[in-house]
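Everything on this sheet refers to the single structure shown next.
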Amino acid sequence: MRTLLSKEFLECSPEVEAALAAGKPVVALESTIISHGMPYPKNVETALAVERVVREQGAVPATIAVIGGKLKAGLSEEEITHLGKKGTEVIKASRRDLPILHALGRDGATTVAATMIVAHLAGISVFCTGGVGGVHRGGENTMDISADLEELAQTPVLVVCAGAKSILDIGRTLEYLETKGVPVVGYQTSEMPAFYTRKSGFGVDYRLDTPGEIAASFYAKRKMEIPGGMLVANPIPEQYAMDADYINGKIDEAVADAERRGVKGKEITPFLLDSLQKITGGESLEANIRLVFNNAVAASKIAVELAKLK
Numbered sequence: 350m351r352t353l354l355s356k357e358f359l360e361c362s363p364e365v366e367a368a369l370a371a372g373k374p375v376v377a378l379e380s381t382i383i384s385h386g387m388p389y390p391k392n393v394e395t396a397l398a399v400e401r402v403v404r405e406q407g408a409v410p411a412t413i414a415v416i417g418g419k420l421k422a423g424l425s426e427e428e429i430t431h432l433g434k435k436g437t438e439v440i441k442a443s444r445r446d447l448p449i450l451h452a453l454g455r456d457g458a459t460t461v462a463a464t465m466i467v468a469h470l471a472g473i474s475v476f477c478t479g480g481v482g483g484v485h486r487g488g489e490n491t492m493d494i495s496a497d498l499e500e501l502a503q504t505p506v507l508v509v510c511a512g513a514k515s516i517l518d519i520g521r522t523l524e525y526l527e528t529k530g531v532p533v534v535g536y537q538t539s540e541m542p543a544f545y546t547r548k549s550g551f552g553v554d555y556r557l558d559t560p561g562e563i564a565a566s567f568y569a570k571r572k573m574e575i576p577g578g579m580l581v582a583n584p585i586p587e588q589y590a591m592d593a594d595y596i597n598g599k600i601d602e603a604v605a606d607a608e609r610r611g612v613k614g615k616e617i618t619p620f621l622l623d624s625l626q627k628i629t630g631g632e633s634l635e636a637n638i639r640l641v642f643n644n645a646v647a648a649s650k651i652a653v654e655l656a657k658l659k
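Counting from 350, one number per residue, gives the positions in the sequence shown under this note's numbering.
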């Protein structure tokens with residue numbers, strides 16, 4: 350269901366607006382991966398390629414960001430390039446940042462949480478990302494818990510990811526989601542993937558093997574008016590998965606470096622991802638790109654099935 354948020358705050362591209370009005374499948378895409386997830390020009394190339402993947406599966410892509418203070422669902426190639434060139438100069442925007450960015454007329458690259466909010470305001474039910482945020486390692490002491498988890502607990506958007514980022518405490522992340530009543534569904538898997546790897550040692554709530562089953566489950570949740578979203582964990586394809594011992598060792602190196610440098614808060618994830626890219630000689634970046642493409646295919650198929658139910 351779409352909101353009546355004024356166009357002063359929210360703007361959908363003509364393509365997205367027409368698709369929503371016609372009841373066609375639309376897939377939201379985040380923009381943090383553009384400005385904070387990859388270097389230019391790889392970030393722009395990847396963002397545009399993901400949009401092509403969504404279209405090839407019969408859905409309409411809606412890359413989401415804040416441009417000049419306005420929440421936008423559906424970016425032009427020029428806007429995507431703008432975010433890619435500015436890179437980390439663009440504010441990494443979560444829920445708390447949206448009203449400030451609007452008031453100041455600033456740009457913002459939306460995290461999972463902020464993308465969910467804008468998607469819901471626009472009337473988009475399915476969102477594709479790389480990896481979802483979660484409880485950081487040592488979170489039992491630091492209370493460093495991503496706002497993504499709280500957003501999943503309250504905003505009715507289905508999020509397709511390659512699991513929780515492997516830089517996180519995946520066990521505690523799943524416990525948090527269980528406490529908040531968020532269904533964690535494995536797409537053709539019974540185990541929670543760990544971003545770069547297909548396995549984490551932790552199980553999901555349900556294994557569902559078809560996009561139709563996932564769409565029907567989310568549709569039922571919405572019709573029952575149960576608050577919150579649904580997390581769909583889609584493992585990275587086998588041929589692009591990294592060795593678990595290797596990548597976990599490299600993550601430990603990056604985490605130790607972050608601690609020495611005093612990197613904290615919302616800067617920690619982009620710092621660790623950039624460190625991993627350098628430590629692995631670009632291997633982690635290639636895996637990141639491939640898993641996003643894979644998630645885009647799954648999200649689009651789910652959106653197509655959901656549109657049939659609506």
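Note that CB positions come from ideal geometry on N, CA and C, so glycine has one too. Bear in mind the structure is a predicted one, so any value in this text is a computation, not a measurement.
Check: C-alpha gap between G631 and R571, whole angstroms; Outcome: 41 Å
Check: CB contact flag (T464, E379, <8 Å); Outcome: yes
Check: Beta bridge counterpart(s) of M579 as assigned by DSSP; Outcome: L507
Check: N490 classed as buried or exposed, judged by whether at least 16 other C-beta atoms fall within 10 angstroms; Outcome: exposed
Check: Beta bridge counterpart(s) of A458 as assigned by DSSP; Outcome: A414, K441
Check: Three-state secondary structure assigned by DSSP to E500; Outcome: helix
Check: Nearest candidate by alpha-carbon position, reference D601, set A411, V399, L498, L625; Outcome: L625
Check: Touch test, the segment 375-391 against the segment 455-473, Cβ-Cβ under 8 Å, three pairs minimum; Outcome: yes
Check: Own chain partners of A593 with C-beta closer than 6 Å, once the 5 adjacent residues on each side are dropped; Outcome: T546
Check: Own chain residues within Cβ distance below 8 Å of F642, not counting five before or after; Outcome: A398, V399, V402
Check: Straight-line Cα distance separating D446 from G407; Outcome: 33 Å
Check: DSSP-derived helix/strand/coil call for A377; Outcome: strand
Check: Simplified DSSP state of F620, which is helix, strand or coil; Outcome: helix
Check: Continuous beta strand (DSSP E) stretch holding V475: start and end; Outcome: 475-477
Check: Of the listed residues P363, A603, G386, K391, nearest to K421 (C-alpha basis); Outcome: P363
Check: Length of the line joining the Cα atoms of V481 and S549; Outcome: 14 Å
Check: L432 - DSSP class collapsed to helix/strand/coil; Outcome: helix
Check: Reference R486, options G472, K514, S474, closest by Cα; Outcome: K514
Check: Cut-off 6 Å between Cβ atoms - residues of its own chain near E500, not counting five sequence neighbours on either side; Outcome: A462, M465
Check: For V546, the three-state DSSP class (helix, strand or coil); Outcome: First, the amino acid is wrong: residue 546 is Thr here, not Val. DSSP places T546 in strand when its eight states are reduced to three.
Check: Beta-carbon separation (whole angstroms), V531 vs G578, contact threshold 8 Å; Outcome: 7 Å
Check: Y555 and V534 closer than 8 Å at C-beta; Outcome: yes
Check: Terminal residues of the alpha helix (DSSP H) in which L655 lies; Outcome: 632-658
Check: Y536, DSSP secondary structure in three states; Outcome: strand
Check: Rounded separation between E426 and V409 - CA only; Outcome: 15 Å
Check: Pairwise C-alpha distance: I429 and V415; Outcome: 11 Å
Check: Alpha-carbon spacing of N583 relative to R610, whole angstroms; Outcome: 33 Å
Check: Under the three-state DSSP convention, the category A368 falls into; Outcome: helix
Check: Local Cβ density within 10 Å of I575, reported as buried at 16 or more and exposed below that; Outcome: exposed
Check: Local conformation of L420 per DSSP, three classes; Outcome: strand
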